[in-house]
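Under the numbering used here, the first residue of the sequence shown is numbered 480, with each subsequent residue one higher.
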Amino acid sequence: MFDQKIFIYSGITWFTGFVCLLGCFYYYFFFYNRAFVELEIEVEQKSKFKIYWTEDNQPFSEKKQVSTRVIPPKSQYNFYLRDLDNIKKLRIDPIQYIGKAKLKNLLISQPGYEPISIDFENLDTTNDIVESTVVPDGLIIKSTGVDPYFIINPIIKKGLNNWFLEIC
480 MFDQKIFIYS GITWFTGFVC LLGCFYYYFF FYNRAFVELE IEVEQKSKFK IYWTEDNQPF
540 SEKKQVSTRV IPPKSQYNFY LRDLDNIKKL RIDPIQYIGK AKLKNLLISQ PGYEPISIDF
600 ENLDTTNDIV ESTVVPDGLI IKSTGVDPYF IINPIIKKGL NNWFLEIC
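As C-alpha cells, this is what we get:
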C-alpha cells in the first residue's frame, strides 16, 4: 500500500516537472525569442501600421511583415516581431491613407539585444511621404498616397542577458 502511494506521487512529480519544462520551452520559443514592439502613434483614421524586414538585402515581402490596426483616439500599441537575428533592413509603413499622422515613439526590444530606438532625424523617407517634420514629441508625416513608408538600417547589437533567470 505504501509503495503504491510513493509510485503515484513520483508519477505526479515527474509529470509536473515535464509540464514546467514544456512551458519554459514554449515561452522561450514563442515569446523570449521574439522582438517586442512598443509603438505610439496618432492617426486621423483607421489604418494599419506595418513593419517589414529583410535578410541579406532581399526584397521586402508580405510574408515577412507584421502589422497592427491603429484606430483613433488610441495611440499606444504593443505587438511582436520576429527574432532580431539576421535582420538587415526594416521598412516602416506608418499609415495606409492620404493625410497626416504623428509617430511619437517606436521602440523594438528583445532579450539578449540592445533596444532599437528609431532616430527620427535620420530617416530615409521614400514612397508617398511628401513631408516629414521632426517635432519635440515625435515625427509628423504627411502622405500623398496610400502606401507611405520609410526604410531604416537598424544597428542590431547583442547585449547581456541571463536567459535562465528570465525564462524560469
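C-beta atoms are modelled at their ideal positions from N, C-alpha and C, and glycine is treated no differently. Please read these numbers as outputs of a predicted model, since none were measured by experiment.
- Beta-carbon proximity of Val-549 to Tyr-559, cut-off 8 Å: no
- Task: Could you tell me which of Lys-581, Asn-606, Gly-591 and Tyr-592 sits nearest to Phe-599, measuring between CA atoms?
- Result: Lys-581
- Task: Kindly indicate the opening and closing residues of the beta strand (DSSP E) around Val-516.
- Result: 514-522
- Which residues bound the beta strand (DSSP E) around Lys-567? Lys-567 -> no beta strand (DSSP E), and no H or E assigned at all.
- Query: Between the Cα of Gly-578 and the Cα atoms of Lys-527, Lys-542 and Val-522, which residue gives the shortest distance?
  - Reply: Val-522
- Message: If I measure Cβ to Cβ from Val-516 and keep anything under 6 Å in the same chain, skipping five residues before and after, which residues do I get?
- Response: Phe-558, Leu-560 and Ile-587
- Query: Whole alpha helix (DSSP H) runs in the region 615-642 with 4 or more residues, listed along the chain?
  - Reply: none
- Message: Check whether the region 626-633 and the region 592-611 touch, using three or more Cβ-Cβ pairs below 8 Å as the test.
- Response: yes
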